[in-house]
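A.B. asks:
Numbering (the numbering used here), first residue to last: 26 to 126.
What follows is the structure, given as structure tokens:
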């Protein structure tokens, strides 16, 4: 779980940097900086979609009840499987961790 949390943290930092460069370019204050690539922009928007999934997860993590984090992950994964992956409740890296990828 530590690796998945670190990966989400890194993706969020990359997202902020990419969107910052894009915003600087749009505002005309990006002196000498390159415009982010289409892949970087797409990855940033994918990470934005992960942020609302992250908030309930971290709320659950800090509740001092033993096993609640594991129960939340199991419940969220079960809902994702039963919905045929049309409902996504876990951040992408946590979903990969649970699936063993």
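All C-beta atoms, glycine included, are put in the ideal place defined by N, C-alpha and C.
1. Using the C-alpha atoms, what's the distance from residue 106 back to residue 115?
2. Quick one: residues in its chain with C-beta nearer than 7 Å to the C-beta of residue 79, no 5 flanking neighbours on either side, listed in chain order?
3. Within the same chain, show all residues whose beta-carbon is closer than 7 Å to that of residue 93, passing over the 5 residues directly before and after it, in chain order.
4. Tell whether a beta-carbon distance below 8 Å holds between residue 30 and residue 72.
5. Just the C-alpha distance for residue 53 and residue 60, rounded to the nearest angstrom, thanks.
6. Select from 109, 108 and 99 the residue whose C-alpha is nearest the C-alpha of residue 122.
7. With the cut-off set at 8 Å, would you say residue 49 and residue 58 are in Cβ contact?
8. Which first and last residues belong to the alpha helix (DSSP H) in which residue 106 is found?
C.D. replies: From the atom records:
1. Distance between the alpha carbons of residue 115 and residue 106 is about 12 Å.
2. Excluding sequence neighbours, residue 79 sits near 33 and 116.
3. For residue 93, same chain residues with a beta-carbon under 7 Å away, outside a window of 5 residues either side, are 85 in chain order.
4. Not in contact: residue 30 and residue 72 (Cβ atoms no closer than 8 Å).
5. Straight-line Cα distance between these residues: approximately 11 Å.
6. Taking only the C-alpha atoms, the option nearest residue 122 is 99.
7. Taking a C-beta distance under 8 Å as the contact criterion, residue 49 and residue 58 qualify as a contact pair.
8. Element bounds for residue 106: 93-107.
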